[in-house]
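All remarks here apply to the structure that follows.
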Amino acid sequence: MKKMMLAVAMFATTLILPVISQAQDNFPVEISYKETKGGNWEHIGDISFTNQRRTSEEVLESIRIEAQKRGAVGYYVTRLQMMNNGFWSANAAIYSPRNNMAKNN
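FYI, in mature numbering (1 follows the signal peptide of the UniProt record, and there is no 0) the residues of the sequence shown are -23 to -1, 1 to 82.
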């Protein structure tokens, strides 16, 4: 019985772990200001949140999720500020890798 449970657990692990790692690979990564100016990233849009009654970490996670929805590969948070009313406001620029092949042709 224990061997059968172990076999089922190992089989389930082989099915679940690749899905988890693939999901993690699809999330955009935070990039630095220097990277945004390096020529390898193309600015594809901006994200803005105002009057967010959440923690700063939750606002940053919302930026990451919104960047993913818009097809971004990277994002750079340009502003994260607590307002006088205690709510958070944030701005971020979203990026995709620049297509260097198009430049060379």
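The C-beta atom is built at its ideal place from N, Cα and C for all residues, glycine as well.
When burial is assigned at 16 or more other CB atoms within 10 Å of the CB, is Asn82 buried or exposed? Summary for Asn82: the model assigns pLDDT 41, below 50, so the residue's position carries little reliability; its value from the coordinates is reported in the next sentence. Exposed, since its Cβ has fewer than 16 Cβ neighbours within 10 Å.
Output the distance between the C-alpha atoms of Arg31 and Gly22, rounded to the nearest integer angstrom. 24 Å
Where are the beta strand (DSSP E) runs, 3 residues long or more, that stay fully inside the segment 4 to 75, in chain order? 18 to 29, 51 to 59, 65 to 74, all fully within the segment 4 to 75.
Closer than 6 Å by C-beta to Thr13: which residues in its own chain qualify, once you throw out the five before and the five after it? Chain order, please. Tyr53
Could you check whether Ile24 and Gly51 sit closer than 8 Å to each other, using their CB atoms as the reference points? no
Do the CB positions of Ala67 and Ile42 come within less than 8 Å of each other? no
Let's test the definition: count the other Cβ atoms within 10 Å of the Cβ of Tyr72 and tell me whether it reaches 16, buried, or not, exposed. buried
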